[in-house]
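A short worksheet on the structure shown next.
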Amino acid sequence: MEKYLSDRIKSLSESQTLAMAAKSRELKAQGIDIISLSLGEPDFNTPDFIKEAAKQAIDDNFTHYPPVAGYSEVLDAISKKFKRDNNLNYNSKQIVVSNGAKQSLANVMLTLIDPGDEVIVPTPFWVSYAEIIKLAGGIPVYVKSGVSSDFKITANQLEGAITEKTKLMMFSSPCNPSGSVYSKEELRSLKDVLVKHPNIFVIADEIYELINFGEKHFSIACFEDLYNQVITVNGVSKGFAMTGWRIGYIGAPEWLAKAIIKMQGQITSAPSSIAQKAAQAAVEADPGMVSNMKTSFLKRRDFMLNELNQIEGMKCSTPTGAFYLFPDVENFFGKSFNGKRVENADDLSMYLLEEARVAVVTGNAFGNPECIRLSYAASDEILQEAASRLKQAFAQLN
Ligand code: PMP
Ligand code: GLU
């Protein structure tokens with residue numbers, strides 16, 4: 053019956069982060085003791101003050117269809133957050149609230165990309181970028197970075213990838229999967245290239261803004277000469293441990309926000325009324341209220357990094373944001389254990405799942421087939437156990 057499926061869905065790959073998470077759940081349900089470091093989500097529960105706002109929203113009967121872009125008070129709260137945290141001026145007509153940053157990204161791409169348009173995607177990139185670009189008919193143009201450049205691209209590389217078909221460039225900083233954060237000066241050098249091409253737009257995915265261990269977060273839209281070309285994407289999933297509430301948002305030029313509202317109005321309408329009111333409480337709060345999570349993530353980063361660095365052959369960068377490690381594992385390709393040969397990162401991920409019972413995600417999914425991604429958003433005990441299993445599994449390969 054699959055012949056009846058559209059070409060569109062047949063050519064779409066499954067999200068490998070979600071697929072690996074589903075596989076670990078399935079194995080756990082069979083009673084196999086799997087440690088999942090595959091899914092990127094905080095292990096913390098949503099803070100109580102946010103849950104209270106949601107309960108209040110139900111009691112206050114926020115139960116009807118909200119306006120497609122989001123409630124006006126939610127848009128105002130996001131506008132203030134952009135000003136307070138990012139020094140960005142987005143008025144409420146420039147903001148659209150969606151079902152997670154994932155839908156925000158899809159909205160922007162479906163609204164901007166025409167078939168044949170090229171979209172520059174520095175590698176490593178978050179899994180869904182490439183698939184959503186293709187869904188919109190666009191052509192992803194990958195610009196490669198690796199562990200030796202701290203997984204960041206240079207202005208020259210960006211310049212070299214631009215053609216007359218380039219419509220968009222997209223990146224995340226802090227980055228999923230590398231955890232790298234572009235400094236203000238690095239962003240300035242990319243910006244200097246982009247302003248020479250006013251027909252190219254930039255999606256700045258800042259969903260990990262609050263999980264940043266280095267300098268204060270800097271938004272590329274803060275450069276005034278680039279502002280009109282930027283769509284700033286953010287959300288509450290990561291910083292506020294609200295992955296299940298499904299709220300993301302954009303700040304964009306008004307003409308684009310208007311078009312995105314038209315798109316969203318035909319596909320999903322506004323996101324859940326109750327989740328919106330919870331997200332309002334989150335963005336109105338002092339970000340200091342959730343800094344305990346960042347502190348824990350930093351401790352866990354140091355622990356896991358130290359453990360992985362003890363494995364001979366492993367090449368790690370030191371991520372300054374998000375909650376992932378993205379080691380280059382090429383040195384293990386061509387090695388075997390018990391008749392199992394590891395030729396690439398896909399094989400290595402399967403080997404670690406079967407031998408160490410630790411689920412990670414192949415770097416292939418993120419455009420860097422020499423790497424694997426581990427999420428360290430797990431408890432100290434789980435990470436200790438995972439590290440010892442991983443060390444043993446890697447030591448066995450020869
Ligand atoms: N962008 C990046 C870089 C992400 O890691 C995620 C997490 N899945 C998202 C966007 C989407 O987040 P959400 O839809 O949960 O808001
Ligand atoms: N962003 C998370 C990850 O990369 C969540 C999974 C997803 O939505 O793909 O693991």
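Under our numbering, the residues of the sequence shown are numbered 53 to 450, in order. All C-beta atoms, glycine included, are put in the ideal place defined by N, C-alpha and C.
Hey, would you say the C-beta of residue i is under 8 angstroms away from at least one heavy atom of the ligand GLU?
| i | result |
| --- | --- |
| P229 | yes |
| K154 | yes |
| W178 | yes |
| E66 | no |
| G92 | yes |
| S427 | yes |
| L400 | no |
| V412 | no |
| T372 | no |
| T69 | yes |
| T295 | yes |
How is the alpha helix (DSSP H) around residue i delimited, first residue to last?
| i | result |
| --- | --- |
| A153 | G152 to L164 |
| G92 | Per DSSP, G92 belongs to no alpha helix (DSSP H) and is neither H nor E. |
| N416 | First-last for N416: undefined, no H or E at that position. |
| F385 | Looking at the DSSP string, F385 is not in any alpha helix (DSSP H), and its letter there is neither H nor E. |
| T69 | Q68 to A81 |
| L435 | D432 to Q448 |
| V335 | S325 to E336 |
| F134 | S124 to N138 |
| F253 | That residue, F253, is in no alpha helix (DSSP H); its beta strand (DSSP E) goes F253 to D257. |
| I319 | E306 to I319 |
| L239 | K236 to L246 |
| F355 | S343 to N361 |
| L187 | S180 to L187 |
| E104 | D100 to D111 |
| E211 | A207 to A213 |
| I61 | D59 to K62 |
Is residue i near the ligand PMP - that is, is its Cβ less than 8 angstroms away from at least one heavy atom of it?
| i | result |
| --- | --- |
| S224 | yes |
| I424 | no |
| I263 | no |
| K133 | no |
| S197 | no |
| K204 | no |
| D95 | no |
| G415 | no |
| Y234 | no |
| Y56 | no |
| V148 | no |
Please report the distance separating the alpha-carbon of residue i from that of residue j.
| i | j | result |
| --- | --- | --- |
| E238 | T320 | 37 angstroms |
| L346 | P119 | The residue asked about is misnamed: residue 346 is Lys in this sequence, not Leu. Straight-line Cα distance between these residues: approximately 33 angstroms. |
| K329 | F418 | 33 angstroms |
| A293 | S369 | 25 angstroms |
| M366 | L377 | 11 angstroms |
| L220 | V149 | 21 angstroms |
| R425 | F134 | 30 angstroms |
| F101 | S58 | 44 angstroms |
| N464 | G122 | The shown model of the chain, from 53 to 450, leaves out residue 464, and the question about it has no answer. |
| D128 | K351 | 35 angstroms |
| S241 | A207 | 6 angstroms |
| A439 | D169 | 43 angstroms |
| D277 | P323 | 32 angstroms |
| Y260 | F375 | 9 angstroms |
| A304 | P371 | 28 angstroms |
| W297 | N228 | 20 angstroms |
| A411 | L442 | 10 angstroms |
| E216 | M53 | 41 angstroms |
| P421 | P379 | 11 angstroms |
| K107 | N97 | 16 angstroms |
| A109 | V342 | 22 angstroms |
Output needed for residue i: all residues of its chain with C-beta closer than 8 angstroms, excluding positions within five of it in sequence on either side, in chain order.
| i | result |
| --- | --- |
| E211 | V245 |
| H249 | I214 and T218 |
| V394 | F384, F385, G386, K387, S388, L400, Y403 and L449 |
| H116 | S325 |
Could you name the residues of the same chain whose beta carbon sits closer than 7 angstroms to that of residue i, not counting the 5 residues immediately before and after it, in chain order?
| i | result |
| --- | --- |
| Q82 | none |
| L162 | A188 and M315 |
| P167 | G189 |
| L360 | M366, C368, L377 and P379 |
Might you give, ordered along the chain, the residues of its own chain that have their beta carbon closer than 6 angstroms to the beta carbon of residue i, omitting 5 neighbours on each side?
| i | result |
| --- | --- |
| L449 | F384, K387 and F389 |
| A273 | L140, Y279, V282 and T284 |
| A105 | K329, A330 and A333 |
| V335 | A129, I130 and K133 |
Go to residue i, then tell me how far its beta strand (DSSP E) extends in each direction, as first and last residue.
| i | result |
| --- | --- |
| T284 | V282 to G287 |
| Y194 | I191 to V195 |
| F375 | Looking at the DSSP string, F375 is not in any beta strand (DSSP E), and its letter there is neither H nor E. |
| R425 | I424 to S427 |
| K392 | K392 to V394 |
| K217 | Where K217 is concerned, there is no enclosing beta strand (DSSP E), given that its DSSP letter is neither H nor E. |
| I86 | Here I86 belongs to no beta strand (DSSP E), and DSSP marks it neither H nor E. |
| I302 | G300 to G303 |
Within 8 angstroms: the Cβ of residue i and any heavy atom of the ligand NAP?
| i | result |
| --- | --- |
| S289 | In the structure shown, the ligand NAP is absent; the only ligands present are the ligand PMP and the ligand GLU. |
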